[in-house]
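Protein chains: 2
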Amino acid sequence: MSSPGRPRRATIRDVALEAGVSRGTVSRVLNGEPYVSAQARAAIEAAVAKVGYVPNTAARNLALQRAQAVGFIVHEPHELFLEDPNIGAILLGANRVLSGADQQMVSLVIDSERDSRRVARYLSGGFVDGAVVVSARQNDSLLGAIGRLSIPATLVGRPPSEVRVPWVGIDNRGAACAITEHLVGTGRRRIGMIAAALDRDSGADRLAGFRDALGDRFDERLVVARPLYEYTAGRTAMEELLAREPDVDGVFAASDAVAAGALDALRAAGRRVPEDVGVVGFDDSSWAQRTHPQLTTVHQPARLLGERAAESVLAQLRGEAPEPVGTLLETDVVLRGSA
Amino acid sequence: MSSPGRPRRATIRDVALEAGVSRGTVSRVLNGEPYVSAQARAAIEAAVAKVGYVPNTAARNLALQRAQAVGFIVHEPHELFLEDPNIGAILLGANRVLSGADQQMVSLVIDSERDSRRVARYLSGGFVDGAVVVSARQNDSLLGAIGRLSIPATLVGRPPSEVRVPWVGIDNRGAACAITEHLVGTGRRRIGMIAAALDRDSGADRLAGFRDALGDRFDERLVVARPLYEYTAGRTAMEELLAREPDVDGVFAASDAVAAGALDALRAAGRRVPEDVGVVGFDDSSWAQRTHPQLTTVHQPARLLGERAAESVLAQLRGEAPEPVGTLLETDVVLRGSA
DNA sequence: CTACGTTCTGTGAACGGTCACAGAACTCCC
DNA sequence: GGGAGTTCTGTGACCGTTCACAGAACGTAG
Chain A
62 MSSPGRPRRA TIRDVALEAG VSRGTVSRVL NGEPYVSAQA RAAIEAAVAK
112 VGYVPNTAAR NLALQRAQAV GFIVHEPHEL FLEDPNIGAI LLGANRVLSG
162 ADQQMVSLVI DSERDSRRVA RYLSGGFVDG AVVVSARQND SLLGAIGRLS
212 IPATLVGRPP SEVRVPWVGI DNRGAACAIT EHLVGTGRRR IGMIAAALDR
262 DSGADRLAGF RDALGDRFDE RLVVARPLYE YTAGRTAMEE LLAREPDVDG
312 VFAASDAVAA GALDALRAAG RRVPEDVGVV GFDDSSWAQR THPQLTTVHQ
362 PARLLGERAA ESVLAQLRGE APEPVGTLLE TDVVLRGSA
Chain B
62 MSSPGRPRRA TIRDVALEAG VSRGTVSRVL NGEPYVSAQA RAAIEAAVAK
112 VGYVPNTAAR NLALQRAQAV GFIVHEPHEL FLEDPNIGAI LLGANRVLSG
162 ADQQMVSLVI DSERDSRRVA RYLSGGFVDG AVVVSARQND SLLGAIGRLS
212 IPATLVGRPP SEVRVPWVGI DNRGAACAIT EHLVGTGRRR IGMIAAALDR
262 DSGADRLAGF RDALGDRFDE RLVVARPLYE YTAGRTAMEE LLAREPDVDG
312 VFAASDAVAA GALDALRAAG RRVPEDVGVV GFDDSSWAQR THPQLTTVHQ
362 PARLLGERAA ESVLAQLRGE APEPVGTLLE TDVVLRGSA
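Okay, here's the thing in structure tokens:
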């Protein structure tokens with residue numbers, strides 16, 4: 062629009078002039094309203110084609126006070142955004158639902174505080190009617206902005222407790238319990254866990270689920286913790302666990318990346334998987350199918366998370382009570398070769 | 062904005078009223094213009110804070126005839142979008158540049174003809190001043206729309222020949238030649254290729270580069286082609302190649318996913334990599350570091366592609382001649398364990 | 001004291017649509 | 001032929017900004 066010399070876009074007035082009718086009638090035809098003569102309708106359609114008219118949605122939205130668009134805001138550092146296939150699936154799920162509701166999904170990546178402010182400004186500009194927010198952080202200025210603007214929003218993942226916003230997530234604890242039970246079911250007797258990210262609810266909940274599954278048989282000495290969900294964390298933690306408890310015959314790794322590291326540590330130590338040691342992961346990320354053997358893991362319904370979050374935003378848009386409650390979605394245990 | 066009962070947003074008029082000045086003066090303060098008394102400025106700033114004013118960018122853009130936003134349009138089927146780490150990197154590169162120019166990047170995913178139309182409508186609405194388009198297809202209705210609207214746009218990847226739009230891409234042919242030469246340099250004598258996607262320029266160019274590198278020693282019987290860049294394609298193609306030419310000692314796979322399949326087929330056939338057979342891939346995708354051994358492959362400067370495309374759009378926005386020419390970026394051969 | 005430049009402010013029009021309202025044209029029936 | 005109802009059309013106001021212009025207030029020089 063700012064490019065100099067670009068010819069002016071045709072407006073509804075040009076169409077009206079060309080068709081020999083008024084703006085009002087053109088607007089009626091464009092919006093499919095009744096009470097327009099066949100003659101006028103035909104003339105307007107011809108005129109639209111002739112002058113190459115395309116509606117200016119910005120003007121339309123200004124008049125209608127809505128944007129017909131929903132933001133999809135990803136707040137992740139670069140590495141994770143690239144690494145994590147779940148985000149892509151969430152995005153596509155949200156896109157599917159919003160597309161069905163004829164809403165344009167507009168996705169915005171935040172990777173700095175500056176981005177965060179610009180996005181807040183963007184949201185405030187009436188460009189979007191609502192937002193799906195993925196992995197907001199603690200003390201995220203964006204959440205504050207959303208609250209202030211009272212834009213309908215739904216988070217994917219559990220929000221910091223002080224923020225009252227609807228959210229959808231998975232039951233990390235239940236899923237961790239289920240996959241640990243699978244490990245138990247394959248006859249393992251000495252089951253360890255490589256826990257990670259205990260400072261986040263996902264990490265803590267996965268450990269809690271592991272404990273739930275083992276009950277009395279839970280043994281603290283079989284748990285090794287690491288700060289992040291990383292391949293190398295899994296590798297070193299597995300080495301540590303093997304050194305400490307050589308008779309371990311089952312391992313629940315807090316994520317697939319961690320499990321991949323554990324697998325390589327086991328291979329290096331001459332243990333066979335799954336014959337000597339059963340290994341399970343969490344996430345069903347791209348790691349899971351690229352290890353040897355492939356990982357038995359917990360599948361997150363990532364696409365469904367995106368769909369549900371989008372539906373929640375649409376419901377809020379329809380004026381339905383934005384119950385600020387969380388929804389937990391079910392997960393599946395996916396059986397592959399590693400346990 | 063459509064949610065019923067939501068309190069009306071404060072406008073510039075409310076601020077003016079509160080501060081006891083006119084709209085014009087408020088606008089001047091908001092835009093940092095000179096010729097405003099310190100007194101008025103202070104009163105306005107206080108009023109802004111008091112009424113909680115946030116500018117309505119839609120109205121602002123309508124008046125200014127610009128959006129201060131650039132679209133990032135990804136036209137890929139779901140699977141590829143999730144699979145291909147290059148797209149994420151391109152996105153982040155573009156985001157970096159646009160963010161620096163204080164433009165909001167708005168990314169839009171197209172996965173159906175319906176999406177395509179909606180995105181075209183979105184672009185026409187004055188929401189964005191320009192667009193970066195990733196992997197547009199042949200006969201893509203979107204490219205037509207962009208042409209019609211004469212929106213500044215730059216493609217990532219080579220466009221269909223009949224469309225005159227600036228683009229940036231990589232030299233698939235040169236890179237394929239370089240990595241094949243690496244294979245030759247490791248002393249391989251019977252080098253095969255698993256080609257793929259020969260109907261796209263990337264696939265055809267990679268085969269051409271392979272041929273360039275081998276010259277006289279090119280042997281058609283050592284080439285197996287498959288329609289898509291897929292793991293299973295690599296696996297079956299490698300089996301076919303081994304059956305046909307058991308003495309093959311080097312393989313150039315047209316993508317990392319294909320190479321991963323080939324690797325597994327070689328393992329199943331009892332060949333050691335790289336001792337018996339050297340394998341190289343293309344893309345430097347996440348597959349490359351997760352195979353055993355890790356892949357020697359061609360690294361695409363994906364982030365740079367995104368940056369360049371964004372810069373090109375910004376240049377067009379500044380009114381610089383949108384030379385409809387392509388730019389080829391350099392690629393690197395990354396040496397890992399597989400050859 | 002007047003004329004003039006500088007600094008500051010308010011106003012009306014514009015951006016491109018939608019909508020409510022008024023009224024015209026047409027049909028139908030008495 | 002006139003009144004009532006239905007169908008169709010045009011107009012002015014409005015959405016929330018920016019901008020050009022007119023003009024006010026003030027200081028300074030002649």
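These protein sequence lines are chains A and B, in that order.
Throughout, my numbering is defined as the position within the first sequence, counted from one, plus 61.
Throughout, my numbering is defined as the position within the second sequence, counted from one, plus 61.
Even for Gly, the Cβ is constructed at its ideal location relative to N, Cα and C.
Just so it is clear, the structure is predicted and the values come from calculations on it, not from any experiment.
Discussion item. Give me, in chain order, the residues of the same chain whose beta-carbon lies closer than 7 Å to that of residue 157 (chain A); leave out the 5 immediate sequence neighbours on both sides.
Written reply: 368
Worksheet item: Should residue 163 (chain B) be labelled buried (16 or more other beta-carbon atoms within 10 Å of its own) or exposed?
Response: exposed
Worksheet item: Among B:284, B:236, B:249, B:280, which has the Cα closest to the Cα of residue 257 (chain B)?
Response: B:284
Discussion item. Against chain B, which members of the region 352-370 of chain A pass a CB distance test of less than 7 Å?
Written reply: 353
Worksheet item: Closest Cβ-Cβ distance between residue 168 (chain B) and chain A: below 8 Å?
Response: yes
Worksheet item: residue 183 (chain B) versus chain A: which residues are under 8 Å apart at the beta carbon?
Response: 118, 130, 165
Worksheet item: By how many angstroms is the C-alpha of residue 296 (chain B) removed from the C-alpha of residue 88 (chain A)?
Response: 58 Å
Worksheet item: What are the residues that DSSP puts in a beta bridge with residue 284 (chain A)?
Response: A:254
Worksheet item: Given 8 Å as the limit, is there contact between the region 226-236 of chain A and the region 389-400 of chain A, that is, 3 or more CB pairs closer than that?
Response: yes
Fill in: Ordered list of beta strand (DSSP E) runs contained in the region 255-333 of chain A, each at least 3 residues
284-287, 311-314
Worksheet item: Under 8 Å between C-beta atoms, does residue 344 (chain A) make it to chain B?
Response: no
Discussion item. With a threshold of 8 Å between beta-carbons, can residue 75 (chain A) be considered close to chain B, or not?
Written reply: no
Worksheet item: Along chain A, which residues have their Cβ under 8 Å away from the Cβ of residue 216 (chain B)?
Response: Simply none; closest approach about 18 Å.
Worksheet item: From residue 293 (chain B) to residue 294 (chain A), what distance separates their C-alpha atoms?
Response: 31 Å
Practice prompt. Would you mind reading off the limits of the beta strand (DSSP E) that contains residue 393 (chain A)?
Written response: 393-395
Worksheet item: Since residue 333 (chain A) meets chain B, which of its residues come closer than 8 Å, beta carbon to beta carbon?
Response: Residues of chain B passing the Cβ test: none, with the nearest at roughly 15 Å.
Worksheet item: If residue 399 (chain A) sits next to residue 340 (chain A), beta carbons under 8 Å apart, how far is it from one beta carbon to the other, in whole angstroms?
Response: 5 Å
Discussion item. Within 8 Å of any Cβ in chain A, is that where the Cβ of residue 338 (chain B) sits?
Written reply: no
Worksheet item: Is residue 125 (chain A) buried or exposed, if buried means 16 or more other CB atoms sit within 10 Å of its CB?
Response: exposed
Worksheet item: Which residues in chain B sit within 8 Å of residue 324 (chain A), going by Cβ to Cβ distance?
Response: Within 8 Å Cβ-Cβ: nothing; residue 324 (chain A) doesn't reach chain B, min ~10 Å.
Worksheet item: Taking Cβ positions only, does residue 347 (chain A) come closer than 8 Å to chain B?
Response: yes
Worksheet item: Leaving out five residues before and five after residue 207 (chain A) in sequence, what residues of the same chain have Cβ atoms less than 6 Å from its Cβ?
Response: 214
Worksheet item: At what residues does the beta strand (DSSP E) containing residue 373 (chain B) begin and finish?
Response: Unbroken run through residue 373 (chain B) is the alpha helix (DSSP H), 363-378; no beta strand (DSSP E).
Item to complete: Would you decide whether residue 291 (chain B) is buried or exposed? Buried here means 16 or more other CB atoms lie within 10 Å of its CB.
Response: buried
Discussion item. Using a Cβ-Cβ distance cut-off of 8 Å, determine whether residue 62 (chain A) contacts chain B.
Written reply: Since pLDDT at residue 62 (chain A) reaches only 37, below the 50 mark, its modelled position is unreliable, and no value is offered.
Practice prompt. Check whether the region 304-322 of chain B touches the region 214-229 of chain B, counting contact only when three or more Cβ pairs, one atom from each stretch, lie closer than 8 Å.
Written response: no
Worksheet entry | Classification of residue 304 (chain A) by the beta-carbon crowding that lies within 10 angstroms, buried from 16 upward | exposed
Fill in: Per DSSP, cross-strand counterpart(s) of residue 188 (chain B)
DSSP, once it has assigned bridges, lists no residue as partnering residue 188 (chain B).
Worksheet entry | residue 195 (chain A) and residue 243 (chain A) closer than 8 Å at C-beta | no
Worksheet item: Quick one: is residue 158 (chain B) near chain A, going by C-beta distance under 8 Å?
Response: no
Practice prompt. Using a Cβ cut-off of 7 Å, pull out every chain B residue sitting near residue 122 (chain A), in sequence order please.
Written response: 119
Worksheet item: Shortest alpha-carbon distance to residue 364 (chain A) belongs to which of A:70, A:112, A:129, A:154?
Response: A:154
Item to complete: Measure from the alpha carbon of residue 148 (chain A) to the alpha carbon of each residue in A:82, A:117, A:216, then state which is nearest.
Response: A:216
Discussion item. With a threshold of 7 Å (Cβ to nearest heavy atom), would residue 334 (chain A) be considered close to the ligand SAH?
Written reply: Absence of the ligand SAH from the depicted structure is noted, as is the absence of any ligand whatsoever, leaving it without description.
Discussion item. Cβ closer than 7 Å: which chain A residues qualify as neighbours of residue 176 (chain B)?
Written reply: 160
Worksheet item: What are the residues of the region 216-235 of chain A that lie near chain B, defined by any Cβ-Cβ distance shorter than 7 Å?
Response: none
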